[in-house]
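In terms of the UniProt record's numbering, the sequence shown has 199 at position 199, counting the first letter as 1, and numbering is strictly consecutive. Inspection log for the structure reproduced underneath, given as structure tokens.
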Amino acid sequence: MSDHGHDGSQHGSGRHDPPSPRSEIGGPTGGSPEDLCRSVVALRRRVLRLSDELRLATRRADESVDRNREHVCSLESLEMMCATQGREIERYRAEVHRLREERDAVQSSLESDRIIGLEPPQPAPEISALEAEIVDLNRDLDRRSDEIRHLEAHIDDLSKDRGHLESTIRHLNSEMTHAGGEILDLQQANHDLDRSWEDAESTLSATEENLCRTRSELDRVEAELLLSRSDRTDRASSGPDPQLQRADLPPTGPTQADLDQVVQERDSLQDQIRARDAEILAAQRTLGLLQLDLAAHRARSASDKVRLQTLEGDMTRARHDVEVAQKAYADQERTITQNQAQIRTLSRDLGKVVCERDALRHEYSAAFQLLASISATIGAPLPQIQLRLDPGSDTDQPAGGIPRSPSAETSGSDDQGVDASGSKRSRSRSRSPSPSRPQKKRSVPVEAEDESMEEEDESEFDLGGGSTGGRSPSPDQASSPSSKDADSRKTTGEVIEVGSASDEEEGDDEEENAEVADDLYEAQTLMAISQSRSEARRRDHASPQRRSAGGSGGSPDGSDGSDSDTGSGGQGNSAGPTGGSGPASPPSGRQPRRITFVPQ
Numbered sequence: 001m002s003d004h005g006h007d008g009s010q011h012g013s014g015r016h017d018p019p020s021p022r023s024e025i026g027g028p029t030g031g032s033p034e035d036l037c038r039s040v041v042a043l044r045r046r047v048l049r050l051s052d053e054l055r056l057a058t059r060r061a062d063e064s065v066d067r068n069r070e071h072v073c074s075l076e077s078l079e080m081m082c083a084t085q086g087r088e089i090e091r092y093r094a095e096v097h098r099l100r101e102e103r104d105a106v107q108s109s110l111e112s113d114r115i116i117g118l119e120p121p122q123p124a125p126e127i128s129a130l131e132a133e134i135v136d137l138n139r140d141l142d143r144r145s146d147e148i149r150h151l152e153a154h155i156d157d158l159s160k161d162r163g164h165l166e167s168t169i170r171h172l173n174s175e176m177t178h179a180g181g182e183i184l185d186l187q188q189a190n191h192d193l194d195r196s197w198e199d200a201e202s203t204l205s206a207t208e209e210n211l212c213r214t215r216s217e218l219d220r221v222e223a224e225l226l227l228s229r230s231d232r233t234d235r236a237s238s239g240p241d242p243q244l245q246r247a248d249l250p251p252t253g254p255t256q257a258d259l260d261q262v263v264q265e266r267d268s269l270q271d272q273i274r275a276r277d278a279e280i281l282a283a284q285r286t287l288g289l290l291q292l293d294l295a296a297h298r299a300r301s302a303s304d305k306v307r308l309q310t311l312e313g314d315m316t317r318a319r320h321d322v323e324v325a326q327k328a329y330a331d332q333e334r335t336i337t338q339n340q341a342q343i344r345t346l347s348r349d350l351g352k353v354v355c356e357r358d359a360l361r362h363e364y365s366a367a368f369q370l371l372a373s374i375s376a377t378i379g380a381p382l383p384q385i386q387l388r389l390d391p392g393s394d395t396d397q398p399a400g401g402i403p404r405s406p407s408a409e410t411s412g413s414d415d416q417g418v419d420a421s422g423s424k425r426s427r428s429r430s431r432s433p434s435p436s437r438p439q440k441k442r443s444v445p446v447e448a449e450d451e452s453m454e455e456e457d458e459s460e461f462d463l464g465g466g467s468t469g470g471r472s473p474s475p476d477q478a479s480s481p482s483s484k485d486a487d488s489r490k491t492t493g494e495v496i497e498v499g500s501a502s503d504e505e506e507g508d509d510e511e512e513n514a515e516v517a518d519d520l521y522e523a524q525t526l527m528a529i530s531q532s533r534s535e536a537r538r539r540d541h542a543s544p545q546r547r548s549a550g551g552s553g554g555s556p557d558g559s560d561g562s563d564s565d566t567g568s569g570g571q572g573n574s575a576g577p578t579g580g581s582g583p584a585s586p587p588s589g590r591q592p593r594r595i596t597f598v599p600q
């Protein structure tokens with residue numbers, strides 16, 4: 001038994017931190033086998049409880065490892081989502097950059113086609129709205145990029161925490177492995193103690209039996225000795241017979257020998273009892289060491305349990321952070337999808353605007369060519385028409401038509417009888433003034449018919465003897481047959497009949513240009529008729545002897561009204577024929593209808 005304890009002490013001395021429960025044998029004295037049995041039972045219970053706690057801690061550590069693995073997978077998926085979102089944002093930025101380049105190209109093309117007119121250019125509302133939306137989208141993309149960078153930084157922090165948690169888990173696993181080895185050592189020591197205790201019990205029971213037998217033998221021997229002494233005393237007092245004394249002498253030797261043998265056996269049994277007591281004390285000291293080791297392991301298990309709980313809390317917080325990050329990424333995906341839809345819509349709108357702009361540019365180019373052909377047909381100089389994009393509208397339109405003439409702007413103020421509504425109209429736009437020739441002046445409108453009816457100038461007509469501050473016709477107009485006929489009829493006072501087509505009509509004029517010229521001529525004629533009627537009514541109030549010729553003629557651009565009654569006789573008689581000519585020069589080879597006023 002002592003050799004077994006010595007072997008256990010040598011086996012336990014191999015571990016230094018923490019010391020093995022079998023590192024030494026020794027301890028406080030005292031105790032009984034029953035106390036040793038109870039201590040061993042308590043030790044078994046504690047070892048079982050510690051084993052259960054270790055299994056629970058191992059299971060929790062496995063669960064934490066599984067959760068950490070799930071967390072790692074979720075982090076990897078989030079990193080992949082971040083990379084995908086980054087590529088998507090780069091694609092969006094490239095799309096926005098492409099849209100910006102297209103916008104710049106459109107603006108540069110528009111700037112190349114734009115000639116600055118009288119009024120300053122204004123940005124187109126569609127392009128301004130598109131630019132504002134693109135700026136908003138860029139700002140939103142920048143904000144989303146900042147949020148994604150923040151989430152990436154948060155993911156990096158989570159990755160660092162994950163690495164720290166993994167190192168903590170590895171440390172806990174190593175500690176649990178170390179604790180498992182110590183528990184195995186304790187269990188082995190417990191088994192050794194159980195075997196020693198069983199051997200000690202068997203030896204103690206055998207020793208007690210031997211001791212009982214020895215004590216019974218000692219009692220019997222002592223009783224025999226007492227009987228023999230009493231017999232000898234009786235014999236000595238009664239005068240013993242020498243023969244009897246000789247007969248009693250032989251038993252004296254064996255009795256003394258038996259007594260010596262019993263004493264020796266008693267001494268040996270006492271030595272054995274002392275050895276067993278020493279072994280029991282050593283077992284008690286080992287049990288105390290085991291109790292201390294169990295307390296230390298229990299404290300370490302409690303600290304490991306606290307660490308595991310802290311780890312579980314960290315994993316829960318990390319899982320919550322991952323869920324928040326997933327929700328944020330879902331929101332980012334929805335927002336980016338909406339932004340992508342808006343970008344597609346804006347791209348389609350921009351394409352439509354560009355197509356409409358190109359179509360309008362083609363239309364205006366065709367209209368300008370048609371207007372040039374009409375101007376060439378009617379013999380007027382080509383009006384200086386500037387095509388530009390009005391940034392405030394959706395279409396391209398002429399910037400200002402024929403430029404205004406300073407003399408035309410001042411002629412309305414010199415005339416006294418001009419109509420209030422006619423004075424507010426726009427002036428004629430020809431840049432070839434010839435104030436020395438007092439003949440009628442014509443304007444060639446370059447805009448639509450409704451615009452031409454609103455922009456006639458009353459100062460373009462001179463009924464004879466009036467101011468010639470208005471525009472003079474072009475050389476082609478001055479040499480036209482209509483102006484010659486009007487000059488030849490100024491002194492006659494005859495009624496100028498409605499003219500027909502000239503004999504020298506050119507047959508190669510295009511019919512389409514003639515129709516357009518006729519439409520413009522009719523519109524100006526209607527405007528002149530309406531204005532002549534108003535002038536006729538005014539003349540009727542001033543001079544009842546004069547009246548209009550039934551609305552059969554009139555000034556196309558309005559008359560100043562100062563030449564009918566205040567001029568000289570010859571001039572007054574010739575004012576009507578002069579003022580009744582057509583508003584514009586007809587196409588080359590065609591004579592317009594001429595309508596005059598006839599005094600009665």
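By construction, the Cβ of each residue, glycine as well, lies at the ideal position given by its N, Cα and C atoms.
Within 10 Å of its beta-carbon, does residue i have 16 or more other beta-carbons around it, so buried, or fewer, so exposed?
| i | result |
| --- | --- |
| Asp565 | Its pLDDT being 42, under 50, Asp565 is placed unreliably by the model, and the measurement read from it follows with that caveat. With fewer than 16 other Cβ atoms within 10 Å, it is exposed. |
| residue 642 | Past the edges of the chain, shown from 1 to 600, lies residue 642, and the structure says nothing about it. |
| Leu370 | exposed |
| Arg539 | buried |
| Met80 | exposed |
| Leu308 | buried |
| Ala302 | exposed |
| Gln10 | Per-residue confidence for Gln10 stands at a pLDDT of 40, beneath the threshold of 50, marking its modelled position as unreliable; no derived number is given. |
| Thr310 | exposed |
| Asp185 | buried |
| His171 | exposed |
| Ser112 | exposed |
| Gln338 | exposed |
Take residue i as the anchor and find which of the options has the nearest alpha-carbon.
| i | options | result |
| --- | --- | --- |
| Gln342 | Val96, Asp66, Asp62 | Val96 |
| Asn173 | Ala275, Arg298, Ala61, Leu36 | Ala61 |
| Ser373 | Val516, Ala302, Gln261 | Val516 |
| Arg344 | Glu522, Leu269, Leu137 | Leu137 |
| Leu151 | Ala325, Glu535, Tyr521 | Ala325 |
| Gly181 | Leu292, His297, Gln524, Glu363 | His297 |
| Ala42 | Leu292, Thr377, Glu265, Arg537 | Leu292 |
| residue 673 | Gln340, Ala523, Glu363 | A question about residue 673 goes unanswered here, because the residues of the chain that appear run from 1 up to 600. |
| Leu350 | Asp267, Ala299, Leu130 | Leu130 |
| His154 | Leu281, Ala278, His320 | His320 |
| Leu218 | Arg266, Asp518, Leu227, Ser230 | Arg266 |
| Leu294 | Glu34, Ser51, Ser230 | Ser51 |
| Lys327 | Val135, Ile148, Asn68 | Ile148 |
Report all residues from its chain with a CB closer than 8 Å to the CB of residue i; omit the five preceding and five following residues, and keep chain order.
| i | result |
| --- | --- |
| Thr84 | none |
| Ile127 | Arg103, Val106, Gln107, Val353, Pro391 |
| Ile336 | Gln85, Glu88, Ile89, Tyr92, Arg144 |
| Val65 | Ile169 |
| Ala179 | Leu54, His297, Arg300, Ser301, Asp304 |
| Leu259 | Val221, Leu225 |
Going along the chain, which residues of its own chain have a beta-carbon closer than 7 Å to the beta-carbon of residue i, five neighbours each way excluded?
| i | result |
| --- | --- |
| Ser39 | Leu287 |
| Ser74 | Val322 |
| Ser347 | Leu99 |
| Arg276 | Ala200, Thr203, Leu204, Thr207 |
| Ile273 | Thr207 |
Which residues in the same chain have their Cβ closer than 6 Å to the Cβ of residue i, if we skip the five residues on either side of it in sequence?
| i | result |
| --- | --- |
| Glu133 | Leu346 |
Does the distance between the C-beta of residue i and the nearest non-hydrogen atom of the ligand MN fall short of 7 Å?
| i | result |
| --- | --- |
| Glu152 | Ligands in the displayed structure: none, and consequently the ligand MN is not present. |
Between residue i and chain B, is the shortest Cβ-Cβ distance under 8 Å, so that the two count as touching?
| i | result |
| --- | --- |
| Gly181 | Of the protein chains in the structure, only one exists, and it is not chain B. |
Next item on the list: Evaluate contact between the stretch 297-315 and the stretch 153-165, counting only Cβ atoms and requiring at least three cross-stretch pairs below 8 Å.
Entry: yes
Next item on the list: Check whether the stretch 140-160 touches the stretch 330-337, taking contact to mean three or more Cβ pairs, one atom from each stretch, closer than 8 Å.
Entry: yes
Item checked: At least three beta-carbon pairs within less than 8 Å, the stretch 275-289 to the stretch 192-200 -> yes
Margin query: Count Cβ pairs between the stretch 178-192 and the stretch 226-238 that sit closer than 8 Å; are there 3 or more?
Written below: no
Next item on the list: Check whether the stretch 99-108 touches the stretch 344-361, counting contact only when three or more Cβ pairs, one atom from each stretch, lie closer than 8 Å.
Entry: yes
Notebook entry, point to check: So, do the stretch 209-218 and the stretch 50-58 have three or more beta carbon pairs nearer to each other than 8 Å?
Noted result: no
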